[in-house]
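Working notes for the structure below.
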Amino acid sequence: MSESVNQVNSISTTQTTVHEKLDALVQRYQKAENLRPVSEHTRAAFDQANQWLGNWSGDIIIDSCCGVGESTARLGAANSQAKVIGLDKSQARLDKHAHYAGESENYAVFRADVIDFWRLIRQHQWRIQQHYLLYPNPYPKPSQVQKRWHGSAAFADLMAMTPNITVRSNWLVYLLEFAQATKHYGVTGNVQQVSDNEAFTPFERKYLASGQTCWELVCRAEEES
Ligand SMILES: C[S@@+](CC[C@H](N)C(=O)[O-])C[C@H]1O[C@@H](n2cnc3c(N)ncnc32)[C@H](O)[C@@H]1O
């Protein structure tokens, strides 16, 4: 599980704090019905994933935007009680998975658009124990806020899957925004610096090798008082 080290630039943006329109966007999409049709290739991937799960009724862990699937293999090895599904839209990245493959058979990676896959998970009421979103594209320009997962229409489907969400990023503001957005769904989160000895994903490896700080947000349902 290794990749040659590339130096990568740190986040460059004029946005230094939570976007002023975030709350309004989250509330708008929370109420809206998502009418976007599901793509055929993601429906086929969902069917394949269903077949792979078979009659499994235990825990399911989703690793969205898994890239080459290194984290999916790691999550499979660390969670022998669960089935772990990695999703990425890039066939080129998934084609490199063999290099990062793990030995456990409780995980699989599928090419899919997570926007549609999340909706199908919601419609089919899969029981998701944990959702990982590791180093999603940050879209750091202020004008790109709606491209970030928490500012997009897909957030309602994401939040319907499970409150147990782990997000990592090298842009702290992304995680502060994500945590603020989850509060609209009765979910709270804590942000901490990633302090693992070993990188969990190729992007994390690149950021750490470039001297950047990586951050982790862990979300859970708010406890009822
Ligand atoms: C910055 S990379 C992170 C990859 C991996 N998690 C890592 O840390 O090495 C972001 C990934 O998100 C994927 N991605 C972006 N939008 C997606 C979408 N709508 N559906 C599925 N994957 C998507 C990209 O293909 C890319 O592999």
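Residue numbering for the sequence shown follows my numbering, starting at 382 and increasing by one per position.
Glycine residues also receive a C-beta, built at the ideal position from the N, C-alpha and C atoms.
Just so it is clear, the structure is predicted and the values come from calculations on it, not from any experiment.
Judged by the Cβ position, D469 qualifies as a neighbour of ligand 1 at the 7 Å threshold, a heavy atom of the ligand being closer than this.
DSSP places E585 in the helix class (H, G or I) of the three-state scheme. Short of 7 Å from the beta carbon of A482, and not among the five residues preceding or following it, lie these beta carbons of its own chain, in chain order: A454.
Taking all protein chains in view, the Cβ of E604 is surrounded by fewer than 16 other Cβ atoms within 10 Å, so the residue is classified as exposed.
With 16 or more other Cβ atoms from the protein chains shown falling within 10 Å of its own Cβ, R529 counts as buried. Here I509 is not near T547, since their CB atoms are 8 Å or more apart. Unbroken alpha helix (DSSP H) stretches of 4 residues or longer found wholly inside the stretch 501-570: 536-542 and 553-564, given in chain order. Residue range W596 to A602 is occupied by the beta strand (DSSP E) that includes L598.
Considered as a whole, the stretch 469-494 harbours 488-492 as its complete beta strand (DSSP E) runs of no fewer than 3 residues, in chain order. Among the bridge pairs identified by DSSP, A463 is matched with D440. Annotation for Q411: the continuous alpha helix (DSSP H) segment containing it runs L403 to K412. Within the same chain, and ignoring the five residues on either side of R474 in sequence, the residues whose Cβ sits closer than 7 Å to its Cβ are G448 and V449.
Contact between the stretch 492-504 and the stretch 415-431 is present: three or more C-beta pairs spanning the two stretches fall below 8 Å. In this structure, the C-beta of G457 stays at least 7 Å away from each heavy atom of ligand 1. Here DSSP, grouped into helix, strand and coil, assigns Q429 to helix.
Residue state for S452 is assigned as helix, using DSSP reduced to three classes. Around the CB of R409, fewer than 16 other CB atoms lie within 10 Å, so the residue is classed as exposed.
For the options Q511, P519 and E579, the alpha carbon positioned closest to that of A602 is the one of Q511. Set against 7 Å, the gap from the CB of Y516 to the closest heavy atom of ligand 1 is smaller. Taking a C-beta distance under 8 Å as the contact criterion, T394 and P521 qualify as a contact pair. E401 counts as exposed, since fewer than 16 other beta carbons sit within 10 angstroms of its beta carbon.
Contact between V407 and H531 is confirmed by a C-beta separation of about 7 Å, below the 8 Å threshold.
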